[in-house]
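In what follows, a single structure is set out as structure tokens and then discussed.
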Amino acid sequence: MSREQSADIRQWAKANGLPVSERGRIAASVVEQYEAAH
Numbered sequence: 000m001s002r003e004q005s006a007d008i009r010q011w012a013k014a015n016g017l018p019v020s021e022r023g024r025i026a027a028s029v030v031e032q033y034e035a036a037h
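Sequential numbering from 0 applies to the sequence shown in numbering that gives the first Met the number 0.
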């Protein structure tokens, strides 16, 4: 996953009220929800 994609996922997760850290790995469940929505 690229830095740009990570940033997009974090922004999307925050906008949708999902818990996501500023740095480090993004939870697989968050990535799955992002991919399902896009």
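Cβ atoms here follow ideal geometry from the backbone N, Cα and C, with glycine treated the same way.
Cβ-based neighbour list, residue i, same chain, cut-off 7 Å, excluding 5 preceding and 5 following
i   : result
A14 : none
A35 : none
Neighbourhood of residue i by C-beta, 6 Å cutoff - its chain only, sequence neighbours within 5 removed
i   : result
A39 : Given that the chain is displayed from residue 0 to residue 37, the structure contains no residue 39 and the question cannot be resolved.
R2  : none
Nearest-angstrom Cβ-Cβ length linking residue i and residue j, presumed shorter than 8 Å
i   : j  : result
L17 : Q4 : Contact flag wrong, Cβ pair sits at about 16 Å.
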